[in-house]
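First to last, the sequence lines map onto chains D and X. According to UniProt numbering, the stretch in the first sequence is residues 1 to 248, in order. According to UniProt numbering, the stretch in the second sequence is residues 1 to 247, in order. The beta carbon of each residue, even a glycine, is placed where N, CA and C say it ideally should be. Computed from a predicted model, the values in this text were never measured in an experiment. Contents: one structure, followed by commentary.
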Amino acid sequence: MTWTPQQPIVSLKDVHKSFGSVEVLRGISLDVMKGEVICIIGPSGSGKSTLIRCINALNDIQAGSITVEGLEVNDPKLDKLALRRKVGMVFQQYNLFPHKTALQNVMMAPIKVLGQDRAEVENRARALIAKVRLNGKEDAYPGELSGGQQQRVAIARSLAMNPDVMLFDEVTAALDPETVKEVLMTIKDLAADGMTCILVTHEMGFAREIADCIYFTDRGVIVESGPPATFFDNAQDPRTQQFLAQIL
Amino acid sequence: MDLANTFIDWLRPDWFLNLAVVSDDYNRGRYVAGLWMTIKLSVVSIFLSLLVGVLGAAVQGAPSRTLRVAVGLFVAFFRNTPPLVQLYFFYFAIGTVLRITGENGLPQPLISNFGWAIISLSLFAGALNVEIFRAGVEAVPRSTVEAAEALGYTRLQIYTDIVLPLAVRVSLPALGTNLVNLVKTTTLAYAIAVPELLYISAQIWSEDLNVREMMNVLLVSYVGLVAVLVWVLHRWEKALRIPGYGE
Ligand SMILES: Nc1ncnc2c1ncn2[C@@H]1O[C@H](COP(=O)(O)OP(=O)(O)O)[C@@H](O)[C@H]1O
Ligand SMILES: [Mg+2]
């Protein structure tokens, strides 16, 4: 099956995921079109991280199906490299490689994993570091950067692989309030450039501003979803209303 | 009183630090050969034991249960038996079986006593290095490994590019202790007549009856060798230091 841009770039159908006997995802379905930005919100422990980790096969699933550009993620014969070239991921705790400089962090994977030419990768890496507004920090080690700066390096590192989809798992949750903005700006730039983004976030103002669609999860199911305007101002389900009342 | 006199005797200039081999050309030649043998034993065993440690720790993180158990048994065997017994085991138990027919038609050992000393010392120190590196590997956060997975790294690439470089930094202090011990343990090769420093010194003192002077020579030699190793390890640690990391 070949994928065409008219079809969802990421598609989840009735996904079930358990850790041991605990079912964490209980039938999740959602479609994301190319260039769309979706935000997943919901209480802690509702399975948001698990959901997006399943999309790039960091977690396996027990039932249902996930496809990325037509690639069946749950196929035991899946070429994980092929999947992970398409999907970039940014984590809450940045997870940079602490023994490499910012520039090296960005350059490593394209050279090592994709076997690309070093000089060409370096040019691209420097451009990406400029794009996340970190000029001058190329030779700094992660331990010498603030949380917000590290997170932007992590975004650049992911972008260096030229992914088609970016996953963001609460990427501002560990940051100081003043550095949250710089990271959100970076993501906004990306979304404006047409990158397909799937974000888990607690930044409701931000979600409202950039998302094409909001999904609210609770205890492993999607309770409600819709475009931000309808979702925030006109939530139907009492669980959504209660969550929004607490957080807004 | 006797004790005090003996002690003062030790401090007399012709006894204290009498490096007997410096003056005598014949003995100096032998001493240098012994020192060189000890250096060879140390350097080659250090290198091979590090290799054993890195490979063993990698296998302990591998999916194959059989391999993991095999490495576990290997480590347990070498950790829980005396190194001198291990050396004898290799040299006398295995060495006498592993023979080839030489040019003169007589059976000859396939591996020399020097070879067995290297093998035995490398495996002994290597088994401890496996444990040391494994502790370092376990100290690498799971989330760092996941970040590499998400970038498409293979298991092997993750080990060589991310886990190992970080693990080595964590392991260095323990590794240093083990390697210093390895240098000191090379004296066991004496027991299978490898002409290293202790063996040569014993030859010299039994011919020249200068045990005390040769003890000076020996102790100073090992202090010097260990000092060089500690200096190298220190340089290595410094070279590996990451700005802003691990304070
Ligand atoms: N590796 C794991 N092993 C066992 N349970 C897990 C694991 N990861 C997550 N869980 C459990 O799954 C549930 C959902 O977790 P998570 O997806 O992290 O939620 P969220 O990101 O919405 O806070 C939680 O109850 C959590 O304890
Ligand atoms: Mg989470």
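Kindly indicate which residue of the options has the alpha-carbon position closest to the one of residue i.
i: Thr-101 (chain D); options: D:Leu-145, D:Ala-173 and D:Phe-243; result: D:Leu-145
i: Phe-124 (chain X); options: X:Thr-81, X:Val-145 and X:Ala-93; result: X:Thr-81
i: Ala-192 (chain D); options: D:Val-22, D:Glu-36 and D:Thr-217; result: D:Glu-36
i: Val-165 (chain D); options: D:Arg-85, D:Ile-247, D:Val-223 and D:Glu-178; result: D:Arg-85
i: Leu-78 (chain D); options: D:Lys-34, D:Pro-227 and D:Ala-57; result: D:Ala-57
i: Leu-151 (chain X); options: D:Ile-129, D:Met-107, D:Glu-120 and D:Leu-184; result: D:Met-107
i: Pro-8 (chain D); options: D:Ala-211, D:Thr-196, D:Ala-119 and D:Val-200; result: D:Thr-196
i: Thr-187 (chain X); options: X:Tyr-222, X:Val-32 and X:Phe-74; result: X:Tyr-222
i: Ala-148 (chain X); options: D:Glu-178, D:Arg-133, D:Lys-112 and D:Ala-174; result: D:Lys-112
i: Glu-196 (chain X); options: X:Val-52, X:Gly-61 and X:Lys-40; result: X:Lys-40
i: residue 269 (chain X); options: X:Ala-167, X:Gly-224 and X:Trp-231; result: Nothing about residue 269 (chain X) can be read from this structure; chain X reaches only from 1 to 247.
i: Leu-83 (chain D); options: D:Gly-70, D:Gln-92, D:Asn-95 and D:Val-90; result: D:Gly-70
i: Glu-237 (chain X); options: X:Ala-127, X:Asn-27 and X:Ala-174; result: X:Ala-174
i: Phe-243 (chain D); options: D:Ser-46, D:Phe-91, D:Lys-17 and D:Leu-25; result: D:Ser-46
i: Pro-141 (chain X); options: D:Phe-97, D:Asp-117 and D:Cys-39; result: D:Phe-97
i: Val-87 (chain D); options: D:Glu-170, D:Gly-64 and D:Ile-52; result: D:Ile-52
i: Pro-43 (chain D); options: D:Ala-207, D:Asn-234, D:Gly-226 and D:Thr-201; result: D:Thr-201
From the DSSP secondary-structure annotation, give me the bridge partner or partners of residue i.
i: Asp-169 (chain D); result: D:Val-200
i: Cys-39 (chain D); result: D:Leu-199 and D:Ile-214
i: Val-10 (chain D); result: D:Val-32 and D:Val-68
i: Glu-131 (chain X); result: Glu-131 (chain X) is not bridged to any residue.
i: Phe-19 (chain D); result: D:Val-22
i: Ser-225 (chain D); result: D:Tyr-215
i: Arg-99 (chain X); result: X:Pro-109
i: Gly-88 (chain D); result: D:Met-166
i: Ala-63 (chain D); result: D:His-16
Less than 9 Å between CB atoms is the rule here; does residue i satisfy it with respect to chain D?
i: Glu-149 (chain X); result: yes
i: Asp-161 (chain X); result: yes
i: Glu-146 (chain X); result: yes
i: Ser-171 (chain X); result: no
i: Leu-51 (chain X); result: no
i: Ile-100 (chain X); result: no
i: Leu-175 (chain X); result: no
i: Gly-244 (chain X); result: yes
i: Leu-123 (chain X); result: no
i: Pro-83 (chain X); result: no
i: Pro-63 (chain X); result: no
i: Gln-203 (chain X); result: no
Count the other C-beta atoms from every protein chain shown that fall within 10 angstroms of the C-beta of residue i, then say buried if there are 16 or more, exposed otherwise.
i: Pro-142 (chain D); result: buried
i: Val-194 (chain X); result: buried
i: Tyr-91 (chain X); result: buried
i: Gln-149 (chain D); result: buried
i: Arg-241 (chain X); result: exposed
i: Asp-218 (chain D); result: buried
i: Tyr-153 (chain X); result: buried
i: Arg-152 (chain D); result: buried
i: His-234 (chain X); result: exposed
i: Trp-231 (chain X); result: exposed
i: Gly-244 (chain X); result: exposed
i: Ile-55 (chain D); result: buried
i: Glu-213 (chain X); result: buried
Hey, residue i and residue j are a contact pair by Cβ (cut 8 Å); roughly how many whole angstroms apart?
i: Glu-203 (chain D); j: Thr-172 (chain D); result: 6 Å
i: Arg-126 (chain D); j: Glu-138 (chain D); result: 7 Å
i: Val-32 (chain D); j: Ile-187 (chain D); result: Not really, about 16 Å apart at Cβ, beyond 8 Å.
i: Thr-67 (chain D); j: Asn-59 (chain D); result: No, Thr-67 (chain D) and Asn-59 (chain D) are not in contact; Cβ-Cβ is about 16 Å, not under 8 Å.
i: Val-132 (chain D); j: Ala-109 (chain D); result: Contact flag wrong, Cβ pair sits at about 16 Å.
i: Ala-127 (chain X); j: Val-75 (chain X); result: 5 Å
i: Ser-45 (chain X); j: Ser-122 (chain X); result: 5 Å
i: Val-137 (chain X); j: Gly-61 (chain X); result: 6 Å
Taking only beta-carbon positions, decide if residue i is within less than 9 Å of chain X.
i: Leu-58 (chain D); result: yes
i: Phe-97 (chain D); result: yes
i: Phe-168 (chain D); result: no
i: Gln-7 (chain D); result: no
i: Ala-109 (chain D); result: yes
i: Phe-19 (chain D); result: no
i: Pro-142 (chain D); result: yes
i: Met-195 (chain D); result: no
i: Ser-44 (chain D); result: no
i: Gln-93 (chain D); result: yes
i: Arg-133 (chain D); result: no
i: Thr-73 (chain D); result: A small fix is needed here, since residue 73 (chain D) is Val in this sequence, not Thr. No, its Cβ sits nowhere closer than 9 Å to a Cβ of chain X.
i: Val-171 (chain D); result: no
i: Leu-159 (chain D); result: no
i: Leu-114 (chain D); result: yes
i: Leu-103 (chain D); result: no
i: Val-183 (chain D); result: no
Is residue i near ligand 3 - that is, is its Cβ less than 8 Å away from at least one heavy atom of it?
i: Thr-154 (chain X); result: Ligand 3 is not among the ligands present in this structure, which contains only ligand 1 and ligand 2.
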